[in-house]
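Chains as they are written, first to last, in the numbering used here: chain C, 3 to 137; chain U, 3 to 137.
There are 2 protein chains.
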Amino acid sequence: LSAVDLRTHYLNYIAVLNERRFDDLRDFVADELVYNGEPMSVGQYRRLLESDVRSIPDLYFAVEQLVVEDGDVACRLRFDCTPVGRFKGFEADGSRIEFTEHVFYRFRDGYISQVWSLLDIEALQRQMAHTGELD
Amino acid sequence: LSAVDLRTHYLNYIAVLNERRFDDLRDFVADELVYNGEPMSVGQYRRLLESDVRSIPDLYFAVEQLVVEDGDVACRLRFDCTPVGRFKGFEADGSRIEFTEHVFYRFRDGYISQVWSLLDIEALQRQMAHTGELD
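Pasting the structure below:
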């Protein structure tokens, strides 16, 4: 995929997430990938996303900055949402929160094969109640 | 700057940081920039870096992944270092730590005009003592 095509492909992936079309993840994610250093199947990746969406039903992935070069994609995502359940070790208290994610991907033949994600944990700490456990 | 030139330029910037040639920052950083949403002068940016290096004398910026497109640079940095002073609200205890930073830059005419940085705060929490204050 050219950089232009990969950009479009990635934005289609983000649309899949925002429209909860999780059956379509297989068009974007390799059968086996590595997520923050941990091996993971596409099924596990899907369950991770489904869990996030259960905790945050109005989770919307807003692309703030997108940098594409060869098979590499880097994206700065902004979330403005209202968690209703536990998320990343924090408990929802019904309030609306804002946070960002800086995420790098490596695509192989058009499929996500590696992900490195950092969330703004300080923003979650400021806006949610901590349970005392990281998960 | 082309993507190839901007990649080289950015790696030269990283070399400036690693070699502590802070007088050369003016070749890479705009007089006025925006850092994580806050306006900042190049002098303030320099003092931020100098403060990090005082807290972590062996701070070395290792580029793990670099994505360049037009005036945008995204970099995944890894640090393997031994803090001797307070860093990001955590106290040094003499142990070696590892953490990553995911940082996005916007360059204007070859100068950094905006920076969005996220550190792996969870990694710092696991490896350093928390002072109870964020800074």
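In this text, a Cβ means the ideal position worked out from N, Cα and C, and glycines have one as well.
- Counting C-beta atoms within 10 angstroms of its own C-beta, proline 41/C has fewer than 16 neighbours from the protein chains shown and is therefore classed as exposed.
- Counted as a single uninterrupted DSSP element, the beta strand (DSSP E) harbouring tyrosine 37/U occupies residues 31-37.
- For valine 69/U, at least one C-beta of chain C is nearer than 8 angstroms to its own C-beta.
- Listed along chain C, the residues sitting closer than 8 angstroms to phenylalanine 106/U by beta-carbon distance are Gln67, Val69, Ala76, Arg78 and His104.
- In the three-state reduction of the DSSP assignment, isoleucine 123/U falls in the helix class.
- Under a 10 Å Cβ-count criterion, proline 85/C is classified as buried, with 16 or more other Cβ atoms of the shown protein chains found around its own Cβ.
- With a cutoff of 8 angstroms on beta-carbon distance, phenylalanine 81/C and phenylalanine 101/C are scored as near each other.
- Counting the other CB atoms within 10 Å of its CB gives leucine 13/U a total below 16, which places it among the exposed residues.
- If you draw a 10 Å sphere on the C-beta of glycine 39/C, you find fewer than 16 other C-beta atoms in it, and that means exposed.
- The Cβ of leucine 120/C sits closer than 8 angstroms to at least one Cβ of chain U.
- In this model, glutamine 127/U and arginine 98/C are separated by some 25 angstroms (Cα to Cα).
- In this chain, glutamate 21/C is not harboured by any beta strand (DSSP E), its DSSP state being neither H nor E.
- Below the 8 angstroms Cβ cutoff, chain C contributes Glu71 as neighbours of alanine 5/U, in chain order.
- The Cβ atoms of valine 69/U and alanine 76/C sit closer than 8 angstroms to each other.
- Put simply, the backbone Cα of leucine 50/C is about 39 angstroms away from that of valine 31/U.
- In this structure, phenylalanine 63/C and leucine 19/C form a Cβ contact; the two beta carbons are roughly 5 angstroms apart against a cut-off of 8 angstroms.
- Listed in chain order, the non-local C-beta contacts of serine 43/U below 7 angstroms within the same chain comprise Asp33 and Glu34, local neighbours out to five positions each way being set aside.
- Within the region 38-57 of chain C, contact with chain U at the beta-carbon level (separation under 9 angstroms) is assigned to no residue.
- In the DSSP assignment, aspartate 111/C falls outside any beta strand (DSSP E), carrying neither H nor E.
- Leaving aside the five residues that flank serine 115/U on each side, the residues in its chain whose CB is nearer than 6 angstroms to its CB run, in chain order, Ala32, Leu35 and Arg108.
- Between cysteine 83/U and aspartate 111/U, the beta carbon gap of about 33 angstroms keeps them out of contact (Cβ cut-off 8 angstroms).
- Straight-line measurement puts the Cα of aspartate 122/U at about 13 angstroms from the Cα of phenylalanine 92/U.
- Counting along the chain, leucine 50/U sits inside the alpha helix (DSSP H) bounded by residues 44-57.
- Per DSSP, the beta bridge partners of proline 41/U are Val36/U.
- Cβ contact annotation for glycine 87/C (same chain, cutoff 7 angstroms, sequence separation greater than five): Arg56, Ser57 and Ala94, in chain order.
- Here arginine 28/C carries a helix assignment [DSSP, helix/strand/coil].
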